[in-house]
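Trainee: Here you go, one structure.
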Amino acid sequence: MKRTSSSHPRKYSKVTPTRRIFLDLLMRYANLTTNDFYRLIPRECAGTPDADQRRQDSHERTIRQALKTFAEQGFLVRRRWFDDERTDTPFPAVMSVYSLSKEGLLLARLKGIGNGNGKHAEDSSRRNESVGHELGITRFHLAIDALPRKMVWRQTDLRRTVNPDALFEIIDPDGKSAYYYFLEIEKSKQGHYTDGESGLIKKLKRYSAYQGSEACRRDWKHFNRFRVTVVVQNEARRRNLLHQLAEKVPTRMVWITTQALCQTDISGKIFLAPKDHETATHGFLDP
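What follows is the structure, given as C-alpha cells:
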C-alpha cells in the first residue's frame, strides 16, 4: 500500500464513528489494551441478563474486528504484552496493546482529533518491559481521570532538566489553586546502579535539587514548586524505597504509592512521603 504523499496518511483514511473513538482514546491515553476499549466504549443495555450478555459479546467482537482492520491498514500498532507479574497462575497473561502508528497520529491531527499532542508507538522500544511501563502510565492516567477535579495531562515534549513519565496539573474547585505533579512509574527492574543507588533514587535526588529552582521556572514557565508521584509495584517495594529515601531524600514533595492502591482508591490518602511516612498519609483531594 503506497503513501499518497509524505504529509498525508494512506488512502484508506475514512474515519468512521468507531475509528474516531479509537483515535480520540489513543490520542488521550497513548496505549490501551483490548479490554480497555471494551470498558471505555459504551454500549446500549439490552434488558434481560442473557440478552445483555449476548449484546456484550457482540459489542466486543465488533471492537476487536475494527481494531484489527484499522491496524492492518497501518493506522494502529498492535503489540503483545506478557504480564509476568501475575501470581494467580504460573503462566503470564498475554494482552494485545494498541497504540497509534505515525500514520495514525497524522490522521488524528488532520481530522482535528485530540489536542495534537498524542504519541505514536515508535516513540519507545517494543520490549516487553517497555510496554509494561507504558501501560503503567496509562493505568495511572485512567485512574486520576476519575477524580472530581479538573485535570490537565501532558505526556509529550517532557525532556528538560528532568525527564518525567508525565506531567499533570490538578486544579481546585475554586479554580484559583493548581498543583503540579511529575509522574514516575517504577520499571519492573531497577537499573543503572552506582554506589549502591538505583536510577530511581538518583532521579529523585535530582528532583529534590530541582524543587524551587530557576531551572524549573525556566523549563516550565508556569511553576517551580511541584510534587513527584511515584508508583511502585507492591507494598514491599514501597517500604524499601521509603526507607532509602528517608535517609537520602527526606522530603514531603515525593509521594509514593502502589499500583493496586491507584486502581482501587485513587481519591483516598494513598501516598506516603519519605519525611513523614510513619505519621502521615497524603491524597490528591487533601485541603
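Each residue of the sequence shown is one higher than the one before, counting from 1369 in our numbering.
Glycine included, every Cβ here is placed at the ideal spot set by N, Cα and C.
Who are Lys1518's beta bridge partners in DSSP?
Mentor: Paired residue(s): Ile1539.
Trainee: May I ask you to list the residues that DSSP assigns as paired with His1650?
Mentor: Answer is Phe1639, bridged to His1650.
Trainee: So Ser1576 packs on Thr1529, CB below 8 Å; how close in whole Å?
Mentor: So it is not a contact: roughly 12 Å between Cβ atoms.
Trainee: Roughly how many whole angstroms lie between the Cα atoms of Phe1594 and Arg1396?
Mentor: Those two C-alpha atoms are separated by around 23 Å.
Trainee: Secondary structure at Glu1428, three-state DSSP: helix, strand or coil?
Mentor: Glu1428: helix per DSSP, three-state reduction.
Trainee: Relative to the C-alpha of Glu1471, which residue among Phe1438, Thr1430, Phe1450 is closest?
Mentor: Nearest C-alpha to Glu1471: Phe1438.
Trainee: Give me, in chain order, the residues of the same chain whose beta-carbon lies closer than 8 Å to that of Gln1631; leave out the 5 immediate sequence neighbours on both sides.
Mentor: The residues are Arg1507, Ala1511.
Trainee: For the 8 Å Cβ check, are there 3 or more pairs between the segment 1496-1503 and the segment 1540-1558?
Mentor: Touching, per the Cβ criterion.
Trainee: At the level of alpha carbons, what is the spacing between Pro1516 and Leu1394?
Mentor: Going by the C-alpha atoms only, they are around 22 Å apart.
Trainee: What number of angstroms, rounded off, separates the C-alpha of Asp1392 from the C-alpha of Ile1481?
Mentor: Cα to Cα, the separation comes out at about 6 Å.
Trainee: What are the residues that DSSP puts in a beta bridge with Phe1550?
Mentor: According to DSSP, which records beta bridges pairwise, Phe1550 is partnered with Leu1535, Val1596.
Trainee: Would you say the beta carbon of Arg1595 is closer than 7 Å to some non-hydrogen atom of the ligand ZN?
Mentor: Annotation note on the ligand ZN: not contained in the displayed structure, which lists no ligands.
Trainee: With which residues is Ser1464 paired in a DSSP beta bridge?
Mentor: Answer is Arg1448, bridged to Ser1464.
Trainee: What is the residue span of the beta strand (DSSP E) that Thr1626 lies within?
Mentor: Taken as a continuous stretch (DSSP letters only), the beta strand (DSSP E) holding Thr1626 covers 1622-1626.
Trainee: Is Thr1384 helix, strand or coil when you go by DSSP?
Mentor: Residue state, collapsed to three classes: coil.
Trainee: Should Asp1404 be labelled buried (16 or more other beta-carbon atoms within 10 Å of its own) or exposed?
Mentor: Its Cβ being crowded by 16 or more others within 10 Å, Asp1404 is buried.
Trainee: Just to confirm before moving on: does the CB-CB distance between Arg1423 and Arg1411 stay below 8 Å?
Mentor: Yes; because the gap between Cβ atoms is below 8 Å, this pair is in contact.
Trainee: Tell me whether Asp1542 is buried or exposed, calling it buried when 16 or more other Cβ atoms sit within 10 Å of its Cβ.
Mentor: Asp1542 is exposed by the Cβ-count criterion.
Trainee: Go to Asp1404, then tell me how far its alpha helix (DSSP H) extends in each direction, as first and last residue.
Mentor: Per DSSP, Asp1404 belongs to the alpha helix (DSSP H) from 1402-1408.
Trainee: Cα-Cα, which of Ile1624, Lys1643, Pro1642, Gly1651 is closest to Ile1634?
Mentor: The candidate whose alpha carbon is nearest that of Ile1634 is Gly1651.
Trainee: Applying the criterion that 16 or more other CB atoms from any shown protein chain within 10 Å of the CB defines a buried residue, is Ser1469 buried or exposed?
Mentor: Classification of Ser1469: buried, given that the 10 Å Cβ count is 16 or more.
Trainee: Can you round the beta-carbon distance between Leu1400 and Phe1443 to whole angstroms, since I take them to be within the 8 Å contact cut?
Mentor: Not really, about 14 Å apart at Cβ, beyond 8 Å.
Trainee: Helix, strand or coil: which one does DSSP assign to Ile1512?
Mentor: The answer is helix: DSSP assigns Ile1512 an H, G or I state.
Trainee: Mind checking which residues open and close the alpha helix (DSSP H) that includes Asp1587?
Mentor: First-last of the alpha helix (DSSP H) with Asp1587: 1582-1588.
Trainee: Check this for me: beta carbons of Arg1432 and Thr1402, under 8 Å apart or not?
Mentor: A contact, by the Cβ cut-off of 8 Å.
Trainee: Is DSSP giving Leu1391 helix, strand or coil here?
Mentor: The answer is helix: DSSP assigns Leu1391 an H, G or I state.
Trainee: Work out the CA separation of Tyr1578 and Leu1551 for me, nearest whole Å.
Mentor: In a straight line, the C-alpha of Leu1551 is about 15 Å away from that of Tyr1578.
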